[in-house]
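Asker: All residue numbers for the sequence shown refer to the working numbering, where the first residue is 47 and numbers rise by one. Below: one structure in C-alpha cells.
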Amino acid sequence: MARLDPLKMEELSPKQKVLHAEILQSRKRVSGPFAIWLRNPAMAEAANKLMLSMREDGKLEKRLYELIVMIVARHWSVQYAWAAHEAAAAAAGLSADVIDAIRHNRKPDFKRDDERLIFQTVSELLERKPLSQSTYHRLVKQFGLDLAIEIMSIAGFYSMVATVLNGFDVPTPNGERPFE
C-alpha cells in the first residue's frame, strides 16, 4: 500500500502545476518518484532536469541505459522501476534471457561485451561500493570518460529513485509484482 495519496490537480500550487506540465512533456503521466518529488518543487525540478540530461541528452545507447536501470531496480527490489522499464529494456534491444536472469538475481550469460562490462561495473558499485581500479580502467577504455560518467551517474540516479519508490511504497502502475 502506498504511503502517500496521489496529489489532486486542484491541490497543486502554481509552481507545482508548472512542474507537472513540464514533467508531462517527457512522460505519459506524473507518477512514480515524480509524484513524490512534486511535493517538493525544487527537488522535482532538479530531478527532472537530471533525468532528462541522462535519458534524452545523454550519449549512452538506450539498450545500455535500460540495462543499468534493470540492474539497479533488481538490486533494490524496486517493483515500480522494474515494471516501468522492463518493456523499454526489451524494446531497446536487451534480450529476454538477460532481462529474465537479472529479474531472478542470476548473472546473465551475456553475448555482448558492452553489456557484460556494464553489468560488472554497476554490480560492483552496488555491492562492493568502490569501483575497482581494473574495472574502472576497462570501463574508460571501452566507453571513454564521458560515457563512464554517464554510466555511473545513471546508476546513482536510479539508486536514488529506488530509495524514494521503496521508502514511500509506491505501487506499480497496474499492481504487478515482478519479484514475487
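C-beta atoms are modelled at their ideal positions from N, C-alpha and C, and glycine is treated no differently.
On the CB-based measure, 16 or more other CB atoms within 10 Å of its CB, does Leu70 come out buried or exposed?
Answerer: exposed
Asker: So Arg109 is in the alpha helix (DSSP H); what residue range does that whole segment cover?
Answerer: 108 to 121
Asker: In angstroms, rounded to a whole number, what distance separates the CA positions of Val76 and Gly190?
Answerer: 34 Å
Asker: For the alpha helix (DSSP H) holding Thr231, just list the boundary residues, first then last.
Answerer: In the structure as shown, the chain starts at 47 and stops at 226, and residue 231 therefore has no counterpart that could be examined.
Asker: Using CA coordinates, which residue listed in Phe80, Arg85, Arg174 is at the minimum distance from Leu96?
Answerer: Phe80
Asker: Am I right that Arg109 and Gly78 are in contact with their C-beta atoms under 8 Å? What's the rounded C-beta distance?
Answerer: Going by Cβ atoms, the distance from Arg109 to Gly78 rounds to 22 Å, so no, they are not a contact pair.
Asker: Excluding sequence positions up to five away, which residues of its chain have a Cβ less than 6 Å from the Cβ of Ile82?
Answerer: Val210, Phe214
Asker: Measure the alpha-carbon distance for Pro224 versus Ser205 and round it to whole angstroms.
Answerer: 18 Å
Asker: Among the candidates Arg149, Met100, Leu58, whose CA atom is the shortest distance from the CA of Glu226?
Answerer: Arg149
Asker: Quick one: what's got a C-beta closer than 6 Å to Val124's C-beta in the same chain, skipping five residues either side?
Answerer: Ala208, Leu211, Asn212
Asker: Go to Asp146, then tell me how far its alpha helix (DSSP H) extends in each direction, as first and last residue.
Answerer: 142 to 149
Asker: Would the stretch 103 to 121 and the stretch 129 to 147 be scored as touching if the rule is three or more Cβ pairs under 8 Å?
Answerer: Flag = yes, the stretch 103 to 121 and the stretch 129 to 147 touch.
Asker: Express the C-alpha separation of Tyr111 and Arg101 in angstroms, rounding to a whole number.
Answerer: 8 Å
Asker: Indicate the three-state DSSP secondary structure (helix, strand or coil) for Asp103 in the structure shown.
Answerer: coil
Asker: Leu50: buried (16+ other C-beta within 10 angstroms of its C-beta) or exposed?
Answerer: exposed
Asker: Can you tell me whether Asp51 is helix, strand or coil according to DSSP?
Answerer: coil
Asker: Using only the alpha-carbon positions, how far apart do Glu196 and Pro60 sit?
Answerer: 33 Å
Asker: Check Leu177 in the structure and name its three-state DSSP category.
Answerer: coil
Asker: I believe Leu53 touches Leu65 by the beta-carbon criterion, under 8 Å. Please report the beta-carbon distance rounded to the nearest angstrom.
Answerer: With 8 Å as the limit, Leu53 and Leu65 do not qualify as a contact, their Cβ atoms being about 11 Å apart.
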